[in-house]
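Protein chains in written order, with this note's numbering: chain A, 25 to 167; chain B, 1480 to 1559.
These notes concern the structure reproduced below.
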Amino acid sequence: MDTDKDEGERFSIVLFSGTVDRIMAATTLTSGAAAMGKKVTLFLTFWGLMAFRKDDWKTNTRFSKDFEDYAAPAMEMMQAKNVPPWMQTLTQAMAMGDVTVKACSMTMELFNMKLGDFEPVVSEVTGVASFIQESEGGQVLFI
Amino acid sequence: MEGITITHESNARGSFCPGPLMEMIRLVKTSAVGDVLAVISNDPGSQKDIPVWIAKARQEYLGAENEPDGAVRFICRKVR
């Protein structure tokens, strides 16, 4: 196996959730990790992948069920305070650092989706084993 | 800051974490070695984030100045 010096500098996120609050957490962490020079992989699975279907982010107002009562005021506050949409945070992170967004092949098969169905930030399709292989030695978060 | 002339400054007031840091990164990337760069932020996260990034990027952190409105001006010299 390749054991180059970058091995410990990996930062991987499994994005399972498709709710705006969680995706925002994931993209903000991505951005911080990219800024700190990490090689970042965002592995999109299930609802996380659904949220990356073309143009879905423009209308996605889903919010974590357990904090549902905060959804409306949180969304309003984000708008009032000009918090950038998570897609913008992500594209900015990708322009600045080493960030790769990958789609889970199993989810794609399950929902009959192909790479062309997603936003262009999603660059490849990968299986869980290769994700595990690639994220080895670095930090991995599940969101 | 006395004796220091700022080459480029960005007002990132109202920008949310990690926006102000992204501004500093953008300034550092688009400037010449020797330039002095400043970002004004009112995001409390910047207090740690910006100096930590500057150290990691091996640039020179020149310090922070408080603005009358409670925002902070972070100053960095591009050394490489």
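C-beta: ideal position from N, C-alpha, C; glycine also.
Short Cβ contact (9 Å threshold) for residue i with residue j
i                       : j                       : result
residue 1525 of chain B : residue 1499 of chain B : yes
residue 61 of chain A   : residue 1528 of chain B : no
residue 69 of chain A   : residue 131 of chain A  : yes
residue 149 of chain A  : residue 134 of chain A  : no
residue 124 of chain A  : residue 159 of chain A  : no
residue 1550 of chain B : residue 1505 of chain B : no
residue 1544 of chain B : residue 1501 of chain B : no
Min CB distance residue i to chain B below 9 Å
i                      : result
residue 30 of chain A  : The predicted position of residue 30 of chain A is uncertain, since its pLDDT is 47 and thus under 50; no value can be drawn from it.
residue 108 of chain A : yes
residue 27 of chain A  : Its pLDDT being 38, under 50, residue 27 of chain A is placed unreliably by the model, and the measurement read from it follows with that caveat. No, no contact with chain B.
residue 41 of chain A  : no
residue 50 of chain A  : no
residue 116 of chain A : yes
Reference residue i; option with closest CA among the options
i                       : options                        : result
residue 1464 of chain B : B/1482, B/1514, B/1555, B/1504 : In the structure displayed, chain B extends from 1480 to 1559; residue 1464 of chain B sits before or after that span and is not available.
residue 44 of chain A   : A/125, A/116, A/81, A/34       : A/81
residue 1497 of chain B : A/36, A/74, A/35, A/53         : A/53
residue 1494 of chain B : B/1535, B/1538, B/1518         : B/1518
residue 48 of chain A   : A/66, A/33, A/34               : A/66
residue 1535 of chain B : B/1484, B/1559, B/1513         : B/1559
Per DSSP, cross-strand counterpart(s) of residue i
i                       : result
residue 125 of chain A  : A/66, A/146
residue 1518 of chain B : B/1489, B/1553
residue 35 of chain A   : A/64, A/163
residue 1559 of chain B : The partner list for residue 1559 of chain B (beta bridge, DSSP) is empty, contrary to what the question assumes.
Residue-chain proximity (residue i, chain A), Cβ-Cβ < 9 Å
i                       : result
residue 1530 of chain B : no
residue 1536 of chain B : yes
residue 1549 of chain B : no
residue 1496 of chain B : yes
residue 1491 of chain B : no
residue 1508 of chain B : yes
residue 1500 of chain B : yes
residue 1559 of chain B : no
Terminal residues of the alpha helix (DSSP H) in which residue i lies
i                       : result
residue 1498 of chain B : 1498-1509
residue 1542 of chain B : Careful: residue 1542 of chain B lies outside any alpha helix (DSSP H), inside the beta strand (DSSP E) at 1539-1545.
residue 100 of chain A  : 92-104
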